[in-house]
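Below: the structure, in structure tokens.
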Amino acid sequence: MTRVLVTGGAGFIGSNFVHYLLEKYPDYRIVVVDKLTYAGNLKNLENALQNPRLQFVRLDICDPAVTEAAQGCDLAVHFAAETHVDRSIEDAAAFTRTNVEGTWRIAEACRANRLRRFLQVSTDEVYGSLGPAGKFTETSPLNPSSPYAATKAAADLMVLSLVRTHGFPAIVTRCSNNYGPYQFPEKFIPLIIAQALDNQPLPLYGDGLNVRDWIHVSDHCRALDLILHYGRDAEIYNIGGDCERRNIDVARAILRSMGKPESLIQFVSDRPCHDRRYALDSSKLANELGWRPLENFEAGLTATLRWYQQHSAWLDQTRSGEYRDYFERNYLRRAATLPAH
Ligand code: NAD
Ligand code: TYD
Numbered sequence: 007m008t009r010v011l012v013t014g015g016a017g018f019i020g021s022n023f024v025h026y027l028l029e030k031y032p033d034y035r036i037v038v039v040d041k042l043t044y045a046g047n048l049k050n051l052e053n054a055l056q057n058p059r060l061q062f063v064r065l066d067i068c069d070p071a072v073t074e075a076a077q078g079c080d081l082a083v084h085f086a087a088e089t090h091v092d093r094s095i096e097d098a099a100a101f102t103r104t105n106v107e108g109t110w111r112i113a114e115a116c117r118a119n120r121l122r123r124f125l126q127v128s129t130d131e132v133y134g135s136l137g138p139a140g141k142f143t144e145t146s147p148l149n150p151s152s153p154y155a156a157t158k159a160a161a162d163l164m165v166l167s168l169v170r171t172h173g174f175p176a177i178v179t180r181c182s183n184n185y186g187p188y189q190f191p192e193k194f195i196p197l198i199i200a201q202a203l204d205n206q207p208l209p210l211y212g213d214g215l216n217v218r219d220w221i222h223v224s225d226h227c228r229a230l231d232l233i234l235h236y237g238r239d240a241e242i243y244n245i246g247g248d249c250e251r252r253n254i255d256v257a258r259a260i261l262r263s264m265g266k267p268e269s270l271i272q273f274v275s276d277r278p279c280h281d282r283r284y285a286l287d288s289s290k291l292a293n294e295l296g297w298r299p300l301e302n303f304e305a306g307l308t309a310t311l312r313w314y315q316q317h318s319a320w321l322d323q324t325r326s327g328e329y330r331d332y333f334e335r336n337y338l339r340r341a342a343t344l345p346a347h
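Sequential numbering from 7 applies to the sequence shown in the working numbering.
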């Protein structure tokens with residue numbers, strides 16, 4: 007029986023990955039470690055929490071007790087992080103702590119427990135910004151712009167240092183911008199959807215012409231699954247959507263599918279040092295493991311829009327912070343215990 011440690015499993019990508027693993031591997035057990043910050047939401051795991059193969063542990067990855075939580079696990083996928091660029095510009099303290107110190111702590115916990123594999127889930131933002139042409143490969147220099155990206159780059163280097171120093175069996179993955187269900191509505195796509203649903207202005211930074219390489223979260227989960235099982239230790243793999251879109255075109259597409267006017271778009275002052283363009287070359291992953299993104303962006307965006315429309319209570323509660331009360335009422339006692347081995 008394989009036991010997988012998933013950190014940050016109550017967040018956007020982590021919860022999608024937990025659902026994916028539970029469905030794909032009926033014999034796997036999963037231990038989720040999550041601090042439940044403002045971005046962690048147990049409602050993202052609602053049905054999964056009833057599954058006896060899932061154990062939820064509310065724990066900060068900076069807490070030395072993570073060594074105990076990792077006991078008996080075979081594989082680890084490390085999602086837990088502070089993730090919003092704008093928040094990191096305001097105050098990077100939590101980013102430094104969770105993304106750097108926390109990654110070191112969880113990686114050492116996995117090393118102490120001799121896990122067979124550790125995936126460091128990272129981002130294309132560590133490479134910085136591109137001009138109008140070209141794509142980042144795994145050998146592109148690290149050139150992060152925001153405190154968020156800098157702490158992710160530091161975390162990647164920390165994990166790779168443990169690989170070199172101790173032969174720690176780890177892999178770093180760097181993915182482009184994800185979209186899909188359960189994404190916290192401070193990020194661009196769910197924010198734009200939520201604002202449009204309420205007929206509120208859609209804030210576009212600067213000229214709205216910055217480009218992101220969008221990937222559906224299900225394609226990211228499939229790539230992580232392949233790399234977790236068949237990737238090579240000590241390697242870095244880019245995971246890109248091969249789907250570059252300008253922010254303004256994404257906003258227009260959302261408004262179009264909702265039948266709402268473009269006049270809702272409002273240009274606001276730009277993010278400081280706003281990366282102009284991201285694009286990833288994923289040919290290493292395609293050549294070695296046969297992966298390619300399957301979801302078409304326009305279809306995926308429409309399905310995502312429908313998901314948020316059908317989950318208006320999730321959206322309202324997430325935006326109002328009501329899910330916190332939900333947590334206190336329903337899961338606090340259950341979540342506070344470490345897994346028994
Ligand atoms: P998210 O913000 O939705 O979720 C983060 C999760 O980590 C939350 O559940 C939160 O409670 C938990 N967490 C935060 N600090 C913690 C701590 N100290 N201890 C334990 N848990 C803690 O993030 P996401 O968008 O799902 O991103 C997950 C990972 O994927 C991150 O490492 C991020 O850098 C990476 N990534 C994200 C994207 C994207 O587009 N969202 C793209 C590439 C890579
Ligand atoms: P975001 O979802 O924050 O992801 P990242 O900055 O990590 O790529 O933002 C995606 C793009 O959308 C980015 O170019 C910034 C832009 N943006 C806006 O124009 N308005 C907004 O309100 C937000 C949150 C983002």
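Idealized CB from N, CA, C, for every residue including glycine.
Helix, strand or coil for residue i? Go by DSSP, reduced to three states.
| i | result |
| --- | --- |
| Ala-118 | helix |
| His-226 | helix |
| Ser-21 | helix |
| Ile-67 | coil |
| His-84 | strand |
| Phe-303 | helix |
| Leu-270 | helix |
| Gln-61 | strand |
| Ala-342 | Residue confidence is low: Ala-342 scores 47 on pLDDT, short of 50, so the model does not pin down where it sits. No coordinate-derived value is stated. |
| Gln-77 | coil |
| Glu-250 | strand |
| Phe-124 | strand |
| Ala-176 | strand |
| His-347 | Here the model assigns His-347 a pLDDT of 42, short of 50, so the residue's position is not dependable and the matter cannot be decided. |
| Asp-40 | strand |
| Thr-89 | coil |
| Tyr-243 | strand |
| Thr-308 | helix |
| Arg-258 | helix |
Measure the alpha-carbon distance for residue i versus residue j and round it to whole angstroms.
| i | j | result |
| --- | --- | --- |
| Ala-115 | Pro-150 | 27 Å |
| Ser-73 | Asn-119 | Residue identity check: residue 73 is Thr in the sequence provided, not Ser. Roughly 7 Å between the two C-alpha positions. |
| Thr-343 | Val-165 | Per-residue confidence for Thr-343 stands at a pLDDT of 47, beneath the threshold of 50, marking its modelled position as unreliable; no derived number is given. |
| Asp-69 | Ser-263 | 45 Å |
| Val-38 | Ala-76 | 10 Å |
| Pro-345 | Trp-110 | With a pLDDT of 47 at Pro-345, under the threshold of 50, the modelled position of that residue is not reliable, and no figure is offered here. |
| Lys-158 | Ala-319 | 32 Å |
| Ile-112 | Val-106 | 10 Å |
| Ala-341 | Leu-291 | In this predicted model, Ala-341 has a pLDDT of only 46, less than 50, meaning its place in the structure is not dependable; the value taken from the coordinates is given anyway. If you take the alpha carbons of Ala-341 and Leu-291, they lie about 36 Å apart. |
| Asp-97 | Pro-278 | 14 Å |
When you compare the CB positions of residue i and residue j, do they come within less than 9 Å of one another, or not?
| i | j | result |
| --- | --- | --- |
| Arg-218 | Phe-194 | yes |
| Asn-302 | Pro-187 | no |
| Val-256 | Trp-220 | yes |
| Ser-128 | Thr-179 | yes |
| Asp-287 | Lys-30 | no |
| Phe-387 | Tyr-154 | In the structure as shown, the chain starts at 7 and stops at 347, and residue 387 therefore has no counterpart that could be examined. |
Between residue i and the ligand TYD, is the CB less than 8 Å from at least one heavy atom?
| i | result |
| --- | --- |
| Pro-153 | no |
| His-90 | yes |
| Lys-193 | yes |
| Val-274 | yes |
| Gly-214 | yes |
| Tyr-6 | Here the chain comprises residues numbered 7 to 347, so residue 6 is not present and cannot be evaluated. |
| His-280 | yes |
| Arg-277 | yes |
| Arg-218 | yes |
| Glu-268 | no |
| Asn-253 | yes |
| Leu-52 | The amino acid occupying residue 52 in the given sequence is Glu; Leu does not appear at that position. Checking every heavy atom of the ligand TYD against the Cβ of Glu-52, none is found closer than 8 Å. |
Please tell me whether, using a cut-off of 8 Å, the distance from the CB of residue i to the nearest non-hydrogen atom of the ligand NAD is below it.
| i | result |
| --- | --- |
| Leu-197 | no |
| Leu-210 | no |
| His-84 | yes |
| Ser-146 | no |
| Arg-180 | yes |
| Gly-46 | yes |
| Phe-137 | Before going on, a small fix: residue 137 reads as Gly here, not Phe. False, no ligand heavy atom lies under 8 Å from that Cβ. |
| Gly-306 | no |
| Cys-68 | yes |
| Asn-183 | yes |
| Arg-228 | no |
| Ser-128 | yes |
| Val-39 | yes |
| request: Note down, one range per segment and in chain order, each beta strand (DSSP E) of at least 3 residues found wholly within the region 195 to 223. | output: 208 to 211, 217 to 222
| Entirely enclosed beta strand (DSSP E) segments - the region 127 to 188, minimum 3 residues | 176 to 181, 183 to 185
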